[in-house]
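Just below is one structure, and these are the notes that go with it.
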Amino acid sequence: MLEDAGALIPFFEGAAPVIAPRPARPTKPHYLGHRQRLRDRAATTFLGMPDYEVLELLLARSLPRGDLKPLAKALLMRFGGLAGVLGASLEELKTVKGVGQAAALDLKLVHEATARMGRGAAAGRAVIGSWSALLAYAKVAMAGASREQFRVLFLDKKNQLIADEVMNEGTVDHAPVYPREVARRALELAASAVILAHNHPSGDPTPSAADVAITRKVAEAAQALGITVHDHIVVGREGVASLKALGLF
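For the sequence shown, my numbering begins at 3 and goes up steadily by one.
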């Protein structure tokens with residue numbers, strides 16, 4: 003026995019000393035520093051950044067902690083791409099686990115700002131003369147929506163945009179349209195012409211027989227009041243179709 007500070011410690015000659023293992027250091031989460039690296043890359047260029055990383059940066063505004071890559075990828079898978087994520091409604095976004103009101107609102111804010119930029123490019127000029135700007139705006143505003151919506155662009159005598167209004171929203175493949183409502187609203191706005199527009203959430207912009215039929219009905223109702231229907235455009239993720247260009251009315 004050895005005596006140490008009054009304590010008796012057993013000692014066995016020739017025995018190997020027992021060394022207690024040191025406690026393991028806590029492992030840092032793999033995503034620490036990832037956000038800052040993304041921000042640093044974005045500050046230089048967005049070129050080469052995949053959609054999920056752009057979405058991560060957007061989500062980081064309202065979700066200050068945690069690994070956002072799985073959530074970003076889940077959103078892209080759920081809505082079929084970045085346009086679908088931004089085009090989804092607040093309630094639809096919140097069905098994805100991890101997305102609350104604040105995150106959903108931030109995503110919708112980006113979509114609204116982008117749509118207003120496109121609408122501004124078409125407003126104040128003759129829409130017929132800035133057709134490419136109109137189509138670009140329609141794609142941003144409608145292509146990513148998960149439900150079908152029917153919009154009407156009301157034009158004055160110079161074919162300048164007076165108003166762009168969603169007349170109805172429906173299901174994934176149908177939005178009811180009432181020709182008399184379109185005509186009545188055109189009279190209220192003193193519109194001389196209209197352009198009809200709706201989206202196909204399936205992505206394929208090919209007009210259906212029902213699309214052709216309702217176009218003709220709206221055109222008949224409008225013509226009786228001296229209002230011209232310039233076109234009916236169908237918007238999908240795969241492109242935009244013009245019923246006028248296709249000779250369907």
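The beta carbon of each residue, even a glycine, is placed where N, CA and C say it ideally should be.
For clarity, every value in this text was computed on a predicted model and none was experimentally measured.
Burial state of residue i (16 or more Cβ within 10 Å)
i    : result
F48  : exposed
R239 : buried
P52  : exposed
D42  : exposed
P178 : exposed
P66  : exposed
A74  : buried
L248 : exposed
G146 : buried
L70  : buried
L95  : buried
Identified DSSP bridge partners for residue i
i    : result
S244 : I235
T230 : A195
E183 : The partner list for E183 (beta bridge, DSSP) is empty, contrary to what the question assumes.
V56  : None, per the DSSP bridge assignment.
E167 : V154
H200 : F152 and V236
Given residue i as reference, the closest of the options once Cα atoms are compared
i    : options                   : result
K110 : A247, L84, I235 and R239  : L84
S210 : A138, G102 and S244       : S244
S2   : L88, R186 and I164        : The question about residue 2 has no answer here: the residues shown for the chain are numbered 3 through 251.
L227 : T217, D206, R187 and L248 : R187
R118 : E55, A106 and A143        : A143
A62  : A221, G100, D166 and L189 : G100
Q151 : E171, A165 and I164       : E171
Q225 : V214, G102 and P181       : P181
S204 : G86, Q103 and N161        : G86
G68  : A44, L95 and Q38          : Q38
T113 : W133, G102, K96 and A90   : The displayed chain sequence assigns His, not Thr, to residue 113. Ranking the options by Cα distance to H113, first place goes to A90.
T217 : L189, V184, N161 and E190 : V184
A106 : F251, A223, L60 and G35   : L60
E190 : I229, Q162 and H202       : I229
Contacting residues, own chain, Cβ-Cβ under 8 angstroms from residue i (five flanking each side not counted)
i    : result
I197 : V129, L136, V154, L155, L157, V231, H232, D233, H234 and I235
K246 : H232, D233 and H234
P207 : V236, V237, G238, E240, G241, V242 and A243
G50  : none
Own chain residues within Cβ distance below 6 angstroms of residue i, not counting five before or after
i    : result
K159 : S194
A104 : S64
T116 : V142
7 angstroms Cβ shell around residue i - same chain, five flanking residues per side excluded
i    : result
A140 : A199, I235, V237 and V242
L98  : It should be noted that the sequence gives Val, not Leu, for residue 98. Excluding residues within five positions, the ones whose Cβ falls inside 7 angstroms are A76, L77 and R80.
Contact with chain D by residue i, beta-carbon distance below 7 angstroms
i   : result
Q38 : Within the model displayed, chain D is absent; a lone protein chain is all it includes.
Uninterrupted alpha helix (DSSP H) stretches inside the stretch 84–165 (no shorter than 4 residues): 84–89, 92–95, 103–124 and 133–144
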